[in-house]
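Asks: Per the UniProt record's numbering, the sequence shown starts with residue 1, numbered consecutively.
Just so it is clear, CB atoms sit at the ideal spot from N, CA and C, and this is done for glycine as well.
As the structure is a prediction and not an experimental result, all values here were calculated from the model.
Here it is: the structure, laid out below.
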Amino acid sequence: MTRPTRAPARRPTAAAPLTLAARLLQETLRFQQPPDALLAEAFRGPQRVGARLRHAMGDALYAALRDLPRWHWLAAALQGQAAAPLDVARYRTQPGWCDAVMRLAWPAAALPALADADAAAAAEVEALQARAAGVPLADTPEAVRLGLPDWLIDRLRDQVGAEVEALAAALRQPAPLDLRVNALRAKRSAVLAELQAAGLPAAATPHAPWGIRLPARVPLQGLEAYARGAIEVQDEGSQLIAALVGARRGETVADFCAGAGGKTLALGADMRDSGRLYALDTVARRLQALPARAQRAGLTQVHPMALAHERDERLQRLAGKIDRVLVDAPCTGLGTLRRHPQLMWRHHPDSVAELAALQQRILAAAAALVRPGGRLVYATCSLLVEENEHVAQAFTAAMRGDFVPLDAPTLLAEARVTAPQALVTDGYLRLWPHRHGTDGFFAAAWQRRA
Numbered sequence: 001m002t003r004p005t006r007a008p009a010r011r012p013t014a015a016a017p018l019t020l021a022a023r024l025l026q027e028t029l030r031f032q033q034p035p036d037a038l039l040a041e042a043f044r045g046p047q048r049v050g051a052r053l054r055h056a057m058g059d060a061l062y063a064a065l066r067d068l069p070r071w072h073w074l075a076a077a078l079q080g081q082a083a084a085p086l087d088v089a090r091y092r093t094q095p096g097w098c099d100a101v102m103r104l105a106w107p108a109a110a111l112p113a114l115a116d117a118d119a120a121a122a123a124e125v126e127a128l129q130a131r132a133a134g135v136p137l138a139d140t141p142e143a144v145r146l147g148l149p150d151w152l153i154d155r156l157r158d159q160v161g162a163e164v165e166a167l168a169a170a171l172r173q174p175a176p177l178d179l180r181v182n183a184l185r186a187k188r189s190a191v192l193a194e195l196q197a198a199g200l201p202a203a204a205t206p207h208a209p210w211g212i213r214l215p216a217r218v219p220l221q222g223l224e225a226y227a228r229g230a231i232e233v234q235d236e237g238s239q240l241i242a243a244l245v246g247a248r249r250g251e252t253v254a255d256f257c258a259g260a261g262g263k264t265l266a267l268g269a270d271m272r273d274s275g276r277l278y279a280l281d282t283v284a285r286r287l288q289a290l291p292a293r294a295q296r297a298g299l300t301q302v303h304p305m306a307l308a309h310e311r312d313e314r315l316q317r318l319a320g321k322i323d324r325v326l327v328d329a330p331c332t333g334l335g336t337l338r339r340h341p342q343l344m345w346r347h348h349p350d351s352v353a354e355l356a357a358l359q360q361r362i363l364a365a366a367a368a369l370v371r372p373g374g375r376l377v378y379a380t381c382s383l384l385v386e387e388n389e390h391v392a393q394a395f396t397a398a399m400r401g402d403f404v405p406l407d408a409p410t411l412l413a414e415a416r417v418t419a420p421q422a423l424v425t426d427g428y429l430r431l432w433p434h435r436h437g438t439d440g441f442f443a444a445a446w447q448r449r450a
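Below you can see the structure in the form of structure tokens.
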């Protein structure tokens, strides 16, 4: 889909950080670029704003997005109004809402950086937040308490019941930094020792055999382990999906919706840089960085291929020949709200239904590549049953026995995953932020009948 031309964000000056922050929130809610891209664009070029203020502004923007219903409700209350249901379209056309929200959401830890740039603005923020602290919150609507849209609360409650409050709280927290150790370059124990010796509080992830977790933001580019390709940024849940594929030496494997290639690199490491690994995607620009990433990781058998659509004629020569196919399907991304909180406002019930239909088409197209006896894995980073179990069940029924469901705990145990039973619901890999500390993921696996 062609996206409308968008004017670039104006270069910031230290004199107007709140104005810039409000504009960044407004641009984020247009859903043309994610917040990290907008932040990078806003500060590109001559650096007239210090790193401290840039980090503070990023923290404030994400704080606003993670708890937008609460800030919206407080902004209305402070104006003596009853808050209407949050409609992000108002934020695109009425910048005053964005300005009020950014002032309310500005984290206390980021106030010194704001004060250094604009003492008067920092004083205004402190005064407004002091007024907000006196507003009673006992009878606020559920969407305000949980920080989620009403429609999403209803769907999640249907799936997790009373755990919905714990899930909502987990989704409002910043995600940790998970790393995957590249088995071609190093062992996890050695990299752990290296990071700990550098003063970083690194620990092994609880389930993924190659994972390392750091609790805070770390500039990876300055780490020697990153420079030599020994580590990649990858959520533990994403690592577990790659493990479910079970790629082996000498096989032919396809990552059907490869994107930037994080799972592709994990599959290549499992294959020990042997065989042939296709990275397929319908958006060519997503694959642009993959060759350089593969080279840094020591992978020579990765073959990016940009497709026109999921039934591109070039796939015909691969039909029935691939040992293992991973379908990391496009989805709402609602399992990644810790990292991408804007997504809860981008989607709605109609977009969920549209994506589920697309997911079924993509899964059927990818299945045609699997050889007899080969494995197919379908995965999303969504929390919703409509994109997950319902798609998997519909596919199984449509295949009429040609694809036999596989038991996820068995596959994970074969991949040396720790405590695989704790990660599974009804035979599927099912990860929840409040239960597992990962992003929300789903995966189902099948074997094609020989």
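So for glycine 261, helix, strand or coil by DSSP?
Replies: Coil.
Asks: Using the C-alpha atoms, what's the distance from alanine 105 back to alanine 63?
Replies: Approximately 6 Å between the Cα atoms of the pair.
Asks: Excluding sequence positions up to five away, which residues of its chain have a Cβ less than 7 Å from the Cβ of valine 191?
Replies: For valine 191, where only same-chain residues beyond five positions count, the Cβ hits under 7 Å are Val181, Ile212, Ala225, Ala230 and Ile231.
Asks: Decide yes or no for the touch test of the segment 148-162 against the segment 414-422: beta carbon pairs closer than 8 Å, at least 3 of them.
Replies: Touching, no, given that fewer than three Cβ pairs across the two stretches are closer than 8 Å.
Asks: With 16 as the cutoff for other CB atoms within 10 Å, does alanine 308 come out buried or exposed?
Replies: With fewer than 16 Cβ atoms within 10 Å of its Cβ, alanine 308 is classed as exposed.
Asks: When the Cα of arginine 286 is compared with those of Ala260, Glu313 and Asp273, which residue comes out closest?
Replies: Of Ala260, Glu313 and Asp273, the residue nearest in Cα terms is Ala260.
Asks: On the criterion of 16 or more Cβ atoms from any shown chain inside 10 Å, does arginine 400 qualify as buried, or is it exposed?
Replies: That one is exposed.
Asks: Whole angstroms are fine: how far does the CA of leucine 171 sit from the CA of proline 433?
Replies: One C-alpha to the other measures close to 7 Å.
Asks: Please confirm whether arginine 371 and phenylalanine 403 have their CB atoms less than 8 Å apart.
Replies: No, the pair does not count as a contact, with Cβ atoms beyond the cut-off.
Asks: Can you tell me whether valine 245 is buried or exposed? The criterion is at least 16 other CB atoms within 10 Å of its CB, across all chains shown.
Replies: It counts as buried.
Asks: Alpha carbons only, please: which of Trp210, Gln342 and Ser189 is nearest the one belonging to valine 88?
Replies: Of Trp210, Gln342 and Ser189, the residue nearest in Cα terms is Gln342.
Asks: Do glutamine 221 and leucine 179 come within 8 Å of each other at the CB atom, strictly closer than that value?
Replies: For leucine 179 and glutamine 221, no; Cβs fall outside 8 Å.
Asks: Indicate whether the contact test is met: 3 or more Cβ pairs, each with one atom in the segment 264-284 and one in the segment 390-397, closer than 8 Å.
Replies: Counting Cβ pairs under 8 Å, fewer than three are found: no touch.
Asks: Going by DSSP, what residue range makes up the beta strand (DSSP E) through methionine 305?
Replies: Here the beta strand (DSSP E) through methionine 305 covers 302-306.
Asks: Whose C-alpha, out of Ala269, Cys257, Arg228 and Ala258, is nearest the C-alpha of alanine 247?
Replies: With distances taken between Cα atoms, alanine 247 lies closest to Ala269.
Asks: Are the CB atoms of alanine 329 and histidine 303 nearer to each other than 8 Å?
Replies: Cβ distance not < 8 Å, so alanine 329 and histidine 303 don't count as in contact.
Asks: Hey, leucine 24 and leucine 61: beta-carbon distance below 8 Å or not?
Replies: Cβ atoms of leucine 24 and leucine 61: closer than 8 Å.
Asks: Please list, in chain order, all residues of the same chain as leucine 148 whose beta carbon is under 7 Å from its beta carbon, the five residues on each side excluded.
Replies: The residues are Ala168 and Met344.
Asks: Might you give, ordered along the chain, the residues of its own chain that have their beta carbon closer than 6 Å to the beta carbon of alanine 366, omitting 5 neighbours on each side?
Replies: Result list for alanine 366: Phe256, Val325 and Val327, in chain order.
Asks: Quick one: is glutamate 313 buried, meaning 16 or more other Cβ sit within 10 Å of its Cβ, or exposed?
Replies: Burial call: exposed.
Asks: Assuming contact is defined by CB atoms lying nearer than 8 Å, are leucine 68 and leucine 86 in contact in what I supplied?
Replies: Yes. Within cutoff.
Asks: Starting from the C-beta of glutamine 81, find all residues in its chain whose C-beta is less than 8 Å away, skip the five residues before and the five after it, and write them out in chain order.
Replies: Around glutamine 81: no qualifying Cβ.
Asks: Who are the near neighbours of leucine 369 in its chain, counting only those whose CB is closer than 8 Å to its CB and skipping five residues on each side?
Replies: Hits under 8 Å: Ala254, Phe256, Leu315, Leu318, Ala319, Gly320, Lys321, Ile322 and Val325.
Asks: So, at 8 Å on beta carbons, what are the nonlocal neighbours of leucine 114 in its own chain, with the 5 sequence-adjacent residues on each side left out?
Replies: These residues qualify, in order along the chain: Pro17, Leu18, Leu53, Ala56, Trp106, Ala121, Ala122 and Val125.
Asks: Expressed to the nearest angstrom, what Euclidean distance is found between the alpha-carbon atoms of alanine 76 and proline 141?
Replies: Looking at the two C-alpha atoms, the distance is approximately 13 Å.
Asks: So what's alanine 186 in DSSP terms, helix, strand or just coil?
Replies: Reduced to three states, the DSSP call for alanine 186 is coil.
Asks: When burial is assigned at 16 or more other CB atoms within 10 Å of the CB, is histidine 348 buried or exposed?
Replies: Looking at its Cβ environment, which holds fewer than 16 other Cβ atoms inside 10 Å, histidine 348 is exposed.
Asks: If I measure Cβ to Cβ from glutamate 163 and keep anything under 7 Å in the same chain, skipping five residues before and after, which residues do I get?
Replies: Same-chain partners within the cutoff: His434.
Asks: Suppose the cutoff is 7 Å on Cβ atoms and the five residues either side in sequence are ignored; what does the same chain contact list for leucine 411 look like?
Replies: Around leucine 411: Leu244, Gly246 and Ala445.
Asks: Between isoleucine 241 and glutamate 310, which are expected to be in contact by the criterion C-beta below 8 Å, what is the C-beta distance as a whole number of angstroms?
Replies: Contact doesn't hold; Cβ gap of about 19 Å is too wide.
Asks: Between the Cα of residue 454 and the Cα atoms of Glu354, Arg338, Ser351 and Leu406, which residue gives the shortest distance?
Replies: What the structure shows of the chain is the stretch from 1 to 450, and residue 454 is not part of that stretch, so it cannot be assessed.
Asks: Under a Cβ-count criterion, where at least 16 other Cβ atoms within 10 Å of its own Cβ denotes burial, should valine 135 be classed as buried or exposed?
Replies: Exposed.
Asks: Measuring alpha carbon to alpha carbon, tell me which residue in Pro420, Arg90 and Ala130 is nearest arginine 103.
Replies: Closest option to arginine 103, Cα to Cα, is Ala130.
Asks: Where alanine 408 and tyrosine 91 are concerned, what is the direct C-alpha to C-alpha distance, given to the nearest angstrom?
Replies: C-alpha separation (whole angstroms): 43 Å.
Asks: Assuming the contact rule is C-beta atoms closer than 8 Å, glutamate 387 and alanine 356 should be a hit. Round their C-beta distance to whole Å, please.
Replies: 5 Å between Cβ atoms; contact.
Asks: Please list the segments of the beta strand (DSSP E) lying wholly inside the segment 162-215, counting only runs of 3 or more residues, in order along the chain.
Replies: Runs found: 177-181 and 211-214.
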